[in-house]
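Peer 1:
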Amino acid sequence: LDYIPESLALGGALAAGSRAAPLLALFIGLQNIPEGFNAYRELKAAKQPDASRILLLMLMLVPIGPVIGILGWVYLGDRLALLGASMLFASGGILYLIFQDIAPQSHMRRHWAPPLGAVLGFSVGMLGNNLAGMY
Numbered sequence: 506l507d508y509i510p511e512s513l514a515l516g517g518a519l520a521a522g523s524r525a526a527p528l529l530a531l532f533i534g535l536q537n538i539p540e541g542f543n544a545y546r547e548l549k550a551a552k553q554p555d556a557s558r559i560l561l562l563m564l565m566l567v568p569i570g571p572v573i574g575i576l577g578w579v580y581l582g583d584r585l586a587l588l589g590a591s592m593l594f595a596s597g598g599i600l601y602l603i604f605q606d607i608a609p610q611s612h613m614r615r616h617w618a619p620p621l622g623a624v625l626g627f628s629v630g631m632l633g634n635n636l637a638g639m640y
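Under our numbering, the first residue of the sequence shown carries the number 506, and numbering increases by one thereafter.
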């Protein structure tokens, strides 16, 4: 449930008037697409509930993000130190997920692809950060 601190941080960033908030929303969305797919695939492979129940469960979790985002908007917009702490917590959750869950389970023939993807992702993030600072 790493999207909870992400939503909280995004709501606070929007309330604080951060120019990078739309970029943050885009990156969170892009990061959550493969994450959701992998969660679905793992549940299905583990013979958990059937596909329709898995999708129903995931659909029931969707409203939590906007509710937490509104809480971030209301409570973190003028508390920049707390907003920064929530962003730090969210980024730590993402790093933990990558290095403790995803990376150890990945077995690829082209072992150069994940590091190249990480470098490209970081580069796109830096470019987006610089572009957001221009406007």
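Glycine is no exception: its CB is placed at the ideal position from the N, C-alpha and C atoms.
How many Å lie between GLY633 and GLY622 at the Cα?
Peer 2: Position 128 of the sequence shown holds residue 633. Position 117 of the sequence shown holds residue 622. Looking at the two C-alpha atoms, the distance is approximately 16 angstroms.
Peer 1: By the DSSP assignment, the alpha helix (DSSP H) with ILE575 in it spans what residues?
Peer 2: Position 70 of the sequence shown, counted from the first residue, corresponds to residue 575. Taken as a continuous stretch (DSSP letters only), the alpha helix (DSSP H) holding ILE575 covers 569-581.
Peer 1: Have a look at LEU576 and LEU585 and give me their C-alpha separation to the nearest angstrom.
Peer 2: Position 71 of the sequence shown holds residue 576. Position 80 of the sequence shown holds residue 585. Cα to Cα, LEU576 sits roughly 14 angstroms from LEU585.
Peer 1: Pop quiz: ALA530 and ALA595 are said to be a contact at Cβ under 8 angstroms. What is the actual Cβ separation, rounded to whole angstroms?
Peer 2: Here residue 530 corresponds to residue number 25 of the sequence shown, with the count starting at 1. Here residue 595 corresponds to residue number 90 of the sequence shown, with the count starting at 1. The pair is not a contact, with the Cβ atoms about 13 angstroms apart (cut-off 8 angstroms).
Peer 1: Shortest alpha-carbon distance to GLY598 belongs to which of GLY626, GLU540, ALA520 and ALA526?
Peer 2: Position 93 of the sequence shown, counting from 1, holds the residue named residue 598. Across the set GLY626, GLU540, ALA520 and ALA526, the C-alpha of GLU540 shows the shortest separation from the C-alpha of GLY598.
Peer 1: If GLY517 and LEU581 are in contact, beta carbons under 8 angstroms, what's the gap, nearest whole angstrom?
Peer 2: As a first step, residue 517 is located in the sequence shown; it is residue number 12 there, counting from the start. As a first step, residue 581 is located in the sequence shown; it is residue number 76 there, counting from the start. Yes, they are in contact, since the Cβ atoms of GLY517 and LEU581 sit about 3 angstroms apart, within 8 angstroms.
Peer 1: Should ILE538 go down as buried or exposed, given a rule of 16 or more other Cβ atoms within 10 Å for buried?
Peer 2: Working through the sequence shown from its first residue, we reach residue 538 at position 33. So ILE538 ends up on the exposed side.
Peer 1: DSSP three-state call for MET631: helix, strand or coil?
Peer 2: Here the question's residue 631 lines up with position 126 in the sequence shown. Here MET631 sits in helix by DSSP.
Peer 1: Classify LYS549 as helix, strand or coil using the three-state DSSP reduction.
Peer 2: On the sequence shown, position 44 is the one that residue 549 refers to. Reduced to three states, the DSSP call for LYS549 is helix.
Peer 1: Going along the chain, which residues of its own chain have a beta-carbon closer than 8 angstroms to the beta-carbon of LEU548, five neighbours each way excluded?
Peer 2: The residue labelled residue 548 in the question sits at position 43 within the sequence shown. So the list reads PRO554 and ILE559, once near-sequence residues are dropped.
Peer 1: Rounded to whole angstroms, what's the CA-CA distance from GLY522 to PRO510? Just pull it up for me.
Peer 2: Your numbering for residue 522 matches position 17 in the sequence shown. Your numbering for residue 510 matches position 5 in the sequence shown. So the alpha carbons of these two residues sit roughly 18 angstroms apart.
Peer 1: Taking only three categories from DSSP, how would you classify SER523?
Peer 2: Indexing the sequence shown from 1 puts residue 523 at position 18. DSSP places SER523 in coil when its eight states are reduced to three.
Peer 1: Excluding the 5 residues preceding and the 5 following LEU562 in the sequence, name in chain order all residues of the same chain whose CB lies nearer than 8 angstroms to its CB.
Peer 2: The sequence position of residue 562 within the sequence shown is 57, counting from 1. Once the five neighbours on either side are set aside, the close Cβ partners of LEU562 are PRO554.
Peer 1: With a threshold of 16 other CB atoms inside 10 Å of the CB of TYR508, please say whether the residue is buried or exposed.
Peer 2: Walking along the sequence shown from the start, residue 508 turns up at place 3. The residue in question, TYR508, is buried, as its Cβ has 16 or more Cβ neighbours within 10 Å.
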